[in-house]
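Residue numbers (my numbering), protein chains in the order written: chain A, 3 to 447; chain B, 3 to 316. Below is one structure, written out as structure tokens; the observations come after it.
This is the structure:
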């Protein structure tokens, strides 16, 4: 894995000249090991040491970007095997396949569906991120027409152009020169010509291997041909093989610092059975695929996969938060109960779910407590009588309710007296401690 | 640079827990590797999916899943038989939700009759769950554990507030026990310790670290499961080695994404596909995190998950 401070120290001039800003070469080496300093700060270091340390400092999984502008997506740079250790970094890219044998109207409709797939969920914009345009015809003209169509309808949108013949793909790539497509389909037979084409057109290159051994040889050869922005499809197609290959690749890159497999992974999961396809995509999202290629846009499939990607790529150290506001559950009238809780997403989901279960139309005021749960927020001084009173006043909910009554979580019953003082004219009612008691509580009112 | 596959082996393994009797008996757990890592270790069984059946008609289930069992869900015996015979369920999870004081408040005697009738009608292993009301479960589960003696069921859920009576009943009647704690690896460990301190064999516990639905806290369950499994395998922590249960259908089939109609939410696509995909994807994620036993509601979601499990075997 990474070099230690002492190993780095051995590569430095050991003059303690202080030109780097640190008192000694050893202190500088320690900072380098923690990636808090750059080797460029040492004016006297040898070229060889620079090369060694430069390679060392490169992320174990190379970043690769496809597309241009605000829709561009970056992959790679992952640092962990398990999401509880540290946030999974670049969310899996969802690509939808369009074959160049499809009638133009169908292709155009699919592109429109992809562009319309964007939706908001818990404050994030989620969408199908890329198009996978495949050369099923084996001929140049249909692929060219399809890429042209995509480039016109969606300029800069990340495109994956799948072909195995560089001369066939060449014309198609001309349409998207400068917008960083991914040319996908290099293998042991066509490697040299595909590398040349990728280089000429400024495309990154996708390698298709039959095994991890072959994949590691192909990346080395591609590098020798001057292409370094690579994506690997190790050839796994069955769900279990995808898990195996992806796991071994991520481990090789992170734990062994094995550079030949330190690239983003592309996983085709297309199935006639789209329910099964959704589940195989789940393997890709949970277990290390950077691109998952889907067979079609189906709203139900997109919705489930968006939620999954959002969950798996959430930072485990930063709780997911929902927006501060008063949420209507059902269609509350003026007499409907008003409850308050904090904006920790899990708290919100559980409380809102139980209110929904009660079938009693209600208002739920969700207060920004930096994503803490009720008790933690109270203990941290973020869910206090003063702050709650201020939030309720500023929310304007006062004008919507007939009776000024606020139901607070049972765990913060202690706040009720202070709240009645701060919220003049309001009645404070102590609700249940646990969310699962909410339906009974609401129904019994 | 030649590639050598970085395979890993672990000092620990998951206990194999048996359920059911005769030729329908099954074993969950028993592997000595991470989920589906058959390429570097032993996975003797495969994950088990139990179809959920309730003691009272599922009036509170949303239409998309209620429709799937409408013709049989009027009584638990025909519902359970349907799951076993028509749907080919490998296990059935009977939830005695009607015993909850806020629901039908059925008595322990009613529950015993339901359990006895269902056991007489089906041969596949039975998971028997209470209504998740700590006091009522203590009475109900003690009574049904005795009634189900000899059938090697999985009974629960035992929680911190009621584990003593339920564990004692499971032990006295030779059943396995579900130990449930709330989304915290330390609470889960502590409960397993408390239960084993009563003399209950740790090899007969199934851990329920608390489930959730995709989009509604799945990431918490997922990571708690991964951490429990890593503790079991890498640290050889015996208390963390029971197989894990994901009781997910109840979390999935109440959220907006499985209940809102396509008319109300046109951008979300059609039901029942949306609901089925939601339940199946939740299940797949928990299987990848380490769950060996799933409780699910929609037969088509179960079918998809069974196909998925088959494809995960390498």
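Note that the Cβ used here is the ideal one computed from N, Cα and C, for glycine as well.
Residue 41/A: not part of any alpha helix (DSSP H); DSSP gives it neither H nor E. Within the stretch 264-284 of chain B, contact with chain A at the beta-carbon level (separation under 7 angstroms) is assigned to 269, 270, 271, 272, 275, 276, 278, 279, 280, 282 and 283. Under the Cβ distance rule, residue 65/B does not count among the residues neighbouring chain A, no pair being separated by less than 7 angstroms. Of the residues assessed, residue 6/B falls on the exposed side of the cut-off, its CB having fewer than 16 other CB atoms within 10 angstroms. The count of Cβ pairs closer than 8 angstroms, one atom from the stretch 260-280 of chain B and one from the stretch 299-307 of chain A, reaches three, so the stretches are in contact. Residues of the stretch 116-129 of chain A that bring their beta carbon within less than 7 angstroms of a beta carbon in chain B comprise 121, in sequence order. Put simply, of 233/A, 241/A and 286/A the residue whose alpha carbon is nearest the alpha carbon of residue 264/A is 233/A. At a beta-carbon threshold of 7 angstroms, the residues of chain A lying near residue 222/B are 348, ordered along the chain. Taking the C-beta atoms as reference points, residue 192/A is found nearer than 7 angstroms to residue 166/A. Residue 371/A has a beta carbon lying at 7 angstroms or more from every beta carbon in chain B. If the five residues before and after residue 64/B are omitted, its C-beta is found closer than 8 angstroms to the C-beta atoms of 255, 256, 260, 261 and 277, all from its own chain and listed in chain order. Residues are counted here when their Cβ sits less than 9 angstroms from a Cβ of chain A; for the stretch 231-259 of chain B these are 232, 253, 256, 257, 258 and 259, given in chain order. Counting only runs of 4 or more residues that sit fully inside the stretch 80-155 of chain A, the alpha helix (DSSP H) segments are 106-117 and 142-155, in chain order. The closest CA to that of residue 439/A, considering only 412/A, 430/A and 421/A, is found on 412/A. Flagged as an interface residue toward chain B: residue 262/A, by a C-beta distance shorter than 7 angstroms.
By the Cβ rule, the stretch 231-251 of chain B does not count as touching the stretch 266-275 of chain A, because fewer than three pairs are nearer than 8 angstroms. Of all residues in the stretch 273-290 of chain A, only 275, 277, 278, 280, 281, 282, 284, 285, 288 and 289 come within less than 8 angstroms of chain B when Cβ atoms are compared, listed by chain position. Under the three-state reduction of DSSP output, residue 196/A falls in the helix class. If you draw a straight line from the Cα of residue 305/B to the Cα of residue 284/B, it comes to about 14 angstroms.
Only residues of its own chain outside the window of five on either side were considered, and among them 29, 31 and 32 have a CB closer than 6 angstroms to the CB of residue 18/B, listed in chain order. Counting C-beta atoms within 10 angstroms of its own C-beta, residue 319/A has fewer than 16 neighbours from the protein chains shown and is therefore classed as exposed.
For the pair residue 73/B and residue 81/B, the CB atoms are not nearer than the 7 angstroms cut-off. Using a Cβ distance threshold of 7 angstroms, residue 157/B and residue 177/B count as a contacting pair. Counting only residues of its own chain and dropping the five nearest sequence neighbours on each side, residue 40/B has a CB closer than 8 angstroms to the CB of 315 and 316.
If you compare the alpha carbons of 236/B, 219/B, 180/B and 188/B with that of residue 204/B, the shortest gap goes to 180/B. Within the stretch 245-259 of chain A, those residues whose Cβ lies closer than 8 angstroms to any Cβ of chain B are, in chain order, 245, 246, 249, 250, 253, 254, 257 and 258. Listed along the chain, the chain B residues whose CB falls inside 8 angstroms of the CB of residue 355/A are 218, 256 and 257.
About 7 angstroms separates the CB atoms of residue 343/A and residue 366/A; that is less than 8 angstroms, so the two are in contact. Residue 111/B has a beta carbon lying at 7 angstroms or more from every beta carbon in chain A. At a C-beta separation below 8 angstroms, residue 318/A has these neighbours in chain B: 221 and 225.
Taking the Cβ atoms as the reference, residue 136/B lies roughly 16 angstroms from residue 172/B, outside the contact range of under 8 angstroms. Excluding residues up to 5 positions away in sequence, 102 and 103 lie with their Cβ nearer than 6 angstroms to the Cβ of residue 139/A in the same chain. Using a CB distance cut-off of 7 angstroms, residue 143/B does not count as an interface residue toward chain A. Rounded to whole angstroms, the Cβ separation of residue 249/B and residue 210/B is 6 angstroms, and the two are in contact under 8 angstroms. Residue pairing of residue 323/A in beta bridges, as defined by DSSP: 346/A. Cα atoms of residue 358/A and residue 158/A: separation of roughly 42 angstroms, rounded to the nearest angstrom.
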